[in-house]
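Note sheet for the following structure.
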Amino acid sequence: MRLLFIGPPGAGKGTQAERVADRLGIPHVSTGEMFRHHVSIGSDLGRKVDTIMAAGDYVPDEITIAMLAQRIAEPDASGGYILDGFPRTVVQVKSLDDLIGEDGLDRVVVFEVDETELVERMLSRGRVDDTSETIRNRFKVYLDQTQPLLDIYDARGVTVSVNGLGEVEEVTDRIVGVLDASDSRATPA
Ligand code: AMP
């Protein structure tokens, strides 16, 4: 099963992608984590993306796409995966289409989180980049950049919405439940 998790910053998407991937026995593919790993080991790629990431900008599509293409070609990804943080741009959607086909994703899980609660949640984490101004901007960037992607996947009929608020365990159950339910609807008896 190939899945994509999309949601605003602070929605708990990465945590849930990891947990659901564990339950389904498929890898969690996070481009953000892959970039952070490269930065931490000081690879050529890491040195290239370090300042870009620190500024909160997007890494150029060609770099991101090449890294992702290589990752999903690895043997452990042959039975599926959960994409987290990719695609983020329309160009990346097209590239993913080229790699796995327009019908390559089984489901796109969209995290619905109320903005007010999201901001409160992020402020309570006390992270340095979680000032209310930064949070509002990150939320805005998410809406600006990701909305076109949701429209594309909506038109393909693969999106399912999940309420991202609640206990971690409860949200994981909710996602697995939604995936099971949408699966049985999609598969004729
Ligand atoms: P994340 O952990 O998904 O929030 O990603 C952290 C950072 O990695 C982002 O702010 C970007 O700088 C970079 N990044 C991750 N995924 C992508 C992507 N698909 N396209 C461009 N930049 C990305």
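Under the numbering used here, the first residue of the sequence shown is numbered 32, with each subsequent residue one higher. Glycine is no exception: its CB is placed at the ideal position from the N, C-alpha and C atoms.
Pair within 9 Å by beta-carbon distance, residue i and residue j
i      : j      : result
Leu34  : Ile113 : yes
Val189 : Leu130 : no
Gly41  : Arg167 : no
Val191 : Ser213 : yes
Rounded C-alpha distance that separates residue i from residue j
i      : j      : result
Ser74  : Val80  : 10 Å
Arg205 : Met32  : 18 Å
Arg50  : Glu64  : 15 Å
Gly208 : Gln47  : 13 Å
Leu127 : Pro118 : 7 Å
Any non-hydrogen atom of the ligand AMP closer than 8 Å to residue i Cβ
i      : result
Asp128 : no
Met84  : yes
Asp175 : no
Thr46  : no
Phe66  : yes
Gln101 : no
Arg205 : no
Tyr89  : yes
Residue of the options minimising C-alpha distance to residue i
i      : options                           : result
Ala52  : Val90, Ala108 and Thr95           : Ala108
Lys125 : Tyr173, Arg50, Val209 and Asp92   : Asp92
Ala100 : Ile72, Ala85, Ile83 and Ser61     : Ser61
Asn194 : Asp88, Arg102, Ile96 and Glu143   : Glu143
Gly45  : Val150, Gly111, Met98 and Val141  : Val141
Ala186 : Arg138, Glu105, Thr203 and Glu151 : Arg138
Gly56  : Thr95, Gly110 and Glu198          : Gly110
Quick one: which unbroken beta strand (DSSP E) runs of 3-plus residues sit fully inside the region 113-146? Chain order, please.
138-143
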